[in-house]
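Asks: Residue numbers (my numbering): 2 to 145.
Yeah, the Cβ is synthetic: ideal placement off N, Cα and C, and Gly gets one too.
Small disclaimer: the values here were computed from a predicted structure and weren't measured.
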């Protein structure tokens, strides 16, 4: 049976390098002061390097906004449309409408891209208006 490894306890505080200013006062930088903080102790009295500070960094704050799935799907759909439609409009108009005229085909592609962007803004606006109407109607019901 292998022997369990024993670990030595680390020192309770880290030593911070100090600097002497012209006035004779000893000063430390904020970085050095953060090094000199005590590490949290475990149940057996030894210090743990994975303390509460590191655990709190992993947690999301309670006020973080939650983005609904339908908003993400709508954004991805319009992003895909914005990628594909202007390219098809450019090459389609270059081949079938403005045969060989790249400038006219580019203008068509820009117009199509602007139509997709306007449609996204309109869809987001309609969604926001419907959410606002639903919120005000539930507020009126609560008052009654």
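When you compare the region 87 to 104 with the region 63 to 79, are there three or more beta-carbon pairs, one atom per stretch, that lie closer than 8 Å?
Replies: At 8 Å Cβ cutoff, the stretches do not touch.
Asks: Quick one: residues in its chain with C-beta nearer than 8 Å to the C-beta of residue 109, no 5 flanking neighbours on either side, listed in chain order?
Replies: Contacts found: 90, 91, 94, 98 and 99.
Asks: Short of 7 Å in beta carbon distance, which residues of its chain neighbour residue 114, apart from the five on each side in sequence? Order them along the chain.
Replies: Contacts found: 83 and 87.
Asks: Would you report the Cα separation of residue 63 and residue 96, rounded to the nearest angstrom?
Replies: Roughly 55 Å separates the two Cα atoms.
Asks: Does residue 117 pass the burial test, meaning 16 or more other C-beta atoms within 10 Å, or should it be called exposed?
Replies: Counting Cβ neighbours within 10 Å, residue 117 comes out buried, since at least 16 surround it.
Asks: Sort 78, 67, 134 and 138 by Cα distance to residue 120 and report the nearest one.
Replies: The option with the nearest alpha carbon to residue 120 is 78.
Asks: Please confirm if residue 93 has its CB atom under 8 Å from at least one CB of chain D.
Replies: Given the protein chain composition of this structure (a single chain), no chain D is represented.
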